[in-house]
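Written below as structure tokens is the structure these notes are about.
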């Protein structure tokens, strides 16, 4: 797999990503090997995906904190989790990002995860421990990505997908970078606005309008991290003005655009999710074994 070093300014972990041919539709993965026990407190930035953090370390795993509650080990982070921070980083971790349209099938639910961080065992039951054991025993990241792909694929095919209309609306929200209007989406799928909003929220755990705000924020945050000015980002991302951008960034992160621009969490994205960030070239390496 392409294996990267740590991105500039990060310095905490080596990052591995699967080859494009190994990626499962609706999901993306990255493996992290922390170079030493790191007890830093890192703010995690909201992303338009449901994320699984599978702890592969020996002993105590990382701690995730949001809204006054803490979780340790393997967790599922729902959409828009609020003020989310992680610390106690050590060992290895597999992060899986799931498209919300796929998350319901993989996890058995998506609606109850919005705004929350829950233990993977609470979602998968005993299967969580079995998955951790298989992944921990694997000899390489290549093998781990293959195992994770098998687990995700089996779950995707075992459960019904979301309504085609809901899946289409979500894709339109993503492809438009959050600029798609709910009325227009409803017209395209032949539903009323009320019905689309209700089905969208029931199946993805978020309203179309909130989803569009999240996607637009994600695009803006990555432009900020790529070094673009706040004024330019506001115009590029479809905000009314710079003040509007400031309010939205504050709403999703509690931080100013200036703080988000240097957020360590966003600094790893070019390495962990090649090609996902606008305004930068993806960082890749040769095919090596960890």
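Residue numbers (the UniProt record's numbering): 1 to 290. Yeah, the Cβ is synthetic: ideal placement off N, Cα and C, and Gly gets one too.
Q: Taking only the alpha-carbon atoms, compute the straight-line gap between residue 142 and residue 27 and give it to the nearest angstrom.
A: 16 angstroms
Q: Starting from residue 258, follow the alpha helix (DSSP H) in both directions and report where the run begins and ends.
A: 257-261
Q) Nearest to residue 262 by alpha carbon, out of 126, 225, 198? A) 225
Q. DSSP three-state call for residue 280: helix, strand or coil?
A. Interpretation of residue 280 is limited by its pLDDT of 41, a score under 50 that renders its predicted location unreliable; the figure taken from the coordinates is listed afterwards. Coil at residue 280, not helix or strand.
Q) Are three or more beta carbon pairs between the region 195-212 and the region 165-182 nearer than 8 angstroms? A) yes
Q.
Check this for me: beta carbons of residue 246 and residue 256, under 8 angstroms apart or not?
A. yes
Q) First and last residue of the beta strand (DSSP E) that includes residue 51? A) 50-55
Q: Could you tell me which residues DSSP pairs with residue 92 in its beta bridges?
A: 33
Q: State buried or exposed for residue 49, treating a residue as buried only when at least 16 other CB atoms are found within 10 Å of its CB.
A: buried
**Q.** First and last residue of the uninterrupted alpha helix (DSSP H) at residue 146
**A.** 141-158
Q) What is the DSSP secondary structure of residue 4, reduced to helix, strand or coil? A) Bear in mind that a pLDDT of 45 at residue 4, under 50, signals an unreliable position, so the model cannot answer this.
Q. From residue 86 to residue 44, what does the alpha carbon distance come to, in whole angstroms?
A. 7 angstroms
Q. Using the C-alpha atoms, what's the distance from residue 100 back to residue 163?
A. 12 angstroms
Q. Anyone know if the C-beta pair for residue 46 and residue 272 falls short of 8 angstroms?
A. no
Q | Beta bridge counterpart(s) of residue 14 as assigned by DSSP | A | 33
Q: Check whether the region 182-190 touches the region 144-159, taking contact to mean three or more Cβ pairs, one atom from each stretch, closer than 8 angstroms.
A: no
Q: Using beta-carbon positions only, say whether residue 178 and residue 212 come within less than 8 angstroms of one another.
A: yes
Q.
Going by DSSP, what residue range makes up the beta strand (DSSP E) through residue 87?
A. 84-87
(Q) Check for me: the beta strand (DSSP E) holding residue 65 runs from which residue to which? (A) 63-66
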